[in-house]
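Asks:
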Amino acid sequence: MNNISKKLLMGTIAVTTVLSQVSVPVMAANAPIVEMTKDELEASYQKAIQEVIIPRYEADGSKVEQHVSSYLMKHLDNTNLTAKKDEVNKQLEVDVQLKDVYLNSGYLNGVSEAGTGYYLMLNYYTSVKQVKQLLDKNPGYDVKDNRGNVVSYSYVDELLGLLSQINDFDPTTNLKYDSRSAYDTDYFKNNKDVGGTDVIATSKEGHVTLEFHIDSHGWWGYDLGAHDSITGLVMGMEDQAAYKAQSDMTTKYGNFFVIEMGSDNFGTWYMLRNTDLENPMVYVSKDKKEAFMIDVDFYGQNVLNRIIKSVIGEECESLKIFLTHNHPDHVNNLDIIAKDEELRNKTTIIWPENEPHTMVNGKDVISSIEWKSVQTVKDMEKFKAAGNEFQFVEIPDEHTPGGGQLADLTHKVIYSGDSLGAQVHLGGGTATYSSMHGWYQGALKAAQYIKDNAIRYNIGGHTSYLNTAVKPFLKISPIL
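Mapping of the sequence shown onto the working numbering: residues 233 to 712, in sequence order.
Here it is, written out as structure tokens:
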């Protein structure tokens, strides 16, 4: 892991005792006073954390701006940042990295504490806020970071603007998937820190970039089965209450990063990376008149329509949505999309021919809603959407009766949904809930399809990165 700063290494360690349960904690009155030498300065963590606003979007679309709670504070590094003042060179030396930053949480699914990446980002955000405090008190000074980089006040201010966008889940934030972290690159092979959902963020002004890793379990965790969501904690609940209410909180308050996966002559494709473990995909044609979405996500219903509209844009005349299978975490939010008249009237549903329809609150969200159109696709049927060519690969009687995978033949990527264990980050799982015969036959079919069509990458329904398309199938035993 990169040594970005002493503060970041402390990640989730609480170093102060929280004395109250108010939204914004204050320092104890008898906190020890540390004597500083004349060439040393100290910033205030308390001032920095009070300026951090966490967005909370309610079901009606209203936004609540909340401060960091005392409960969340327990998981953060609460120490003040100090600087050494160099009056000769007009510089403040700080133990924080400000350029060429890569925030890698080192999270390992099923092993690490949930929320690692999120806590790391908040710690970095407050560190940079404290750097700005020091510069505000010393007009005309630059700052020298712990890698020897010297940056100006305007640079720090621009970095804070970018961090604010990330913290706010601003869909207009310039986030691009770092394709170097794909499994088949030399960069991936030679750098143990990268891999998974690594993104490159660029400021509005274009002078500042920040690379960071979104944990494989999601920004705030995964409550379905793993039961490790921290959404309630982020929303201001105490730890035990947040633990008990994980599912409700994750469903109610999910949010999305909008990550550009690539752009070419066909258009642009995006990932809507959920704070949970979901990753619906959206393609937008080059002329911006047609969009194509794969799965819709069970969480983030409070913000989903707003996010979709921000991605497809006002020029979009047609939105097609393909569903890999009928499980709630991939389909239920069709009901939410249908409540937006503008989206419903331009939406065509593309449904696997042999897959049973999904019921939400007693309503068939495929046939009982007046969509623009409903189309079905057969096994191995090809179709075009948003300027790209796709093909449906049915994996029957495995994860679901007639669901399957969707190949993007234009970019040589296959979206495997939850079939063949793809919903589990470290692989496997489906076979324990379905017949081994169906799993085995499906795996053989998928492996052969990948080989025949030179598919480079697999993106699972809950694995949001360019993973190997072939290797998981090479270990299938022929004796089954």
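Where is the CB? At the ideal position from N, CA and C, for every residue including glycine.
Remember, it's a predicted structure, so these values are computed and weren't measured experimentally.
1) Are residue 296 and residue 284 touching if we call contact CB-CB under 7 Å?
2) By Cβ distance, which residues of its chain are closer than 8 Å to residue 388, with the 5 residues on each side in sequence left out?
3) Quick one, which of 358, 339, 647 has its alpha-carbon nearest residue 279's?
4) Do residue 536 and residue 568 have their C-beta atoms within less than 7 Å of each other?
5) When the Cα atoms are used, what is the spatial distance from residue 695 to residue 551?
6) DSSP three-state call for residue 466: helix, strand or coil?
7) Starting from the Cα of residue 557, find the closest Cα among 587, 529, 498 and give me that residue.
8) From residue 690 to residue 697, what does the alpha carbon distance come to, in whole angstroms?
9) Within its chain, find whatever has a CB closer than 7 Å to the CB of residue 498; leave out the 5 residues flanking it on each side and keep chain order.
10) So, using beta-carbon positions, are residue 701 and residue 687 closer together than 7 Å?
11) What residue from 523, 598, 541 has the CA that sits closest to residue 560's CA?
12) Looking at the secondary structure, which residues open and close the beta strand (DSSP E) in which residue 506 lies?
13) Which residues mark the beginning and the end of the alpha helix (DSSP H) in which residue 681 is found?
14) Suppose you measure from the CA of residue 579 to the CA of residue 473; what does that come to, to the nearest Å?
15) Taking just the CA atoms, how far does residue 304 sit from residue 465?
16) Suppose the cutoff is 7 Å on Cβ atoms and the five residues either side in sequence are ignored; what does the same chain contact list for residue 454 look like?
17) With respect to the alpha helix (DSSP H) encompassing residue 390, which residues constitute its N-terminal and C-terminal limits?
18) Distance, Cα to Cα, residue 277 vs residue 693?
19) Any chance you could list the alpha helix (DSSP H) runs of at least 4 consecutive residues sitting entirely within the stretch 514-585, in chain order?
20) Between the C-alpha atoms of residue 322 and residue 344, what's the straight-line distance to the nearest angstrom?
21) Determine the direct distance from the alpha carbon of residue 443 to that of residue 334, and round the result to whole angstroms.
22) So, using beta-carbon positions, are residue 419 and residue 493 closer together than 7 Å?
23) Which class does residue 281 belong to by DSSP, given the choice of helix, strand or coil?
24) Express the C-alpha separation of residue 273 and residue 699 in angstroms, rounding to a whole number.
25) In three-state terms, what does DSSP make of residue 473?
26) Could you check which residue in 294, 458, 392, 628 has the C-alpha nearest to that of residue 437?
27) DSSP beta-bridge partners for residue 591?
28) If distances are taken between C-alpha atoms only, which option among 547, 555, 549, 538 comes closest to residue 525?
29) Where residue 520 and residue 548 are concerned, what is the direct C-alpha to C-alpha distance, given to the nearest angstrom?
30) Does the beta-carbon of residue 512 have 16 or more other beta-carbons within 10 angstroms, so that it is buried, or is it exposed?
31) Within the same chain, show all residues whose beta-carbon is closer than 6 Å to that of residue 384, passing over the 5 residues directly before and after it, in chain order.
32) Following the continuous alpha helix (DSSP H) through residue 484, name the residue where it begins and the one where it ends.
33) How would you label residue 431, buried or exposed, when you count the other beta carbons within 10 angstroms and need 16 or more for buried?
34) Measure the C-alpha to C-alpha separation of residue 670 and residue 629 and round it to an integer number of angstroms.
35) Assuming contact is defined by CB atoms lying nearer than 7 Å, are residue 563 and residue 590 in contact in what I supplied?
36) From the DSSP output, in three-state form, read off residue 369 for me.
Replies: Taking the coordinates as given:
1) no
2) 330, 360, 363, 364, 367, 375
3) 358
4) yes
5) 24 Å
6) helix
7) 587
8) Answer to the nearest angstrom: the Cα atoms are 8 Å apart.
9) 518, 619, 620, 642
10) Yes, they are a contact pair.
11) Nearest option by C-alpha distance: 598.
12) 499-506
13) Counted as a single uninterrupted DSSP element, the alpha helix (DSSP H) harbouring residue 681 occupies residues 668-684.
14) 39 Å
15) Approximately 6 Å between the Cα atoms of the pair.
16) The residues are 460, 461, 508, 509.
17) Run containing residue 390: 385-399, per the alpha helix (DSSP H) assignment.
18) Cα to Cα, residue 277 sits roughly 39 Å from residue 693.
19) 536-544, 560-563, 566-570, 573-578
20) 42 Å
21) 5 Å
22) no
23) helix
24) Distance between residue 699 and residue 273, taken at the CA atoms: about 46 Å.
25) helix
26) Nearest neighbour of residue 437 by Cα position, chosen from 294, 458, 392, 628, turns out to be 392.
27) 596
28) 555
29) 6 Å
30) Residue 512 is classed as buried because its beta carbon has at least 16 other beta carbons within 10 Å across all chains shown.
31) 374
32) 478-485
33) buried
34) 6 Å
35) yes
36) helix
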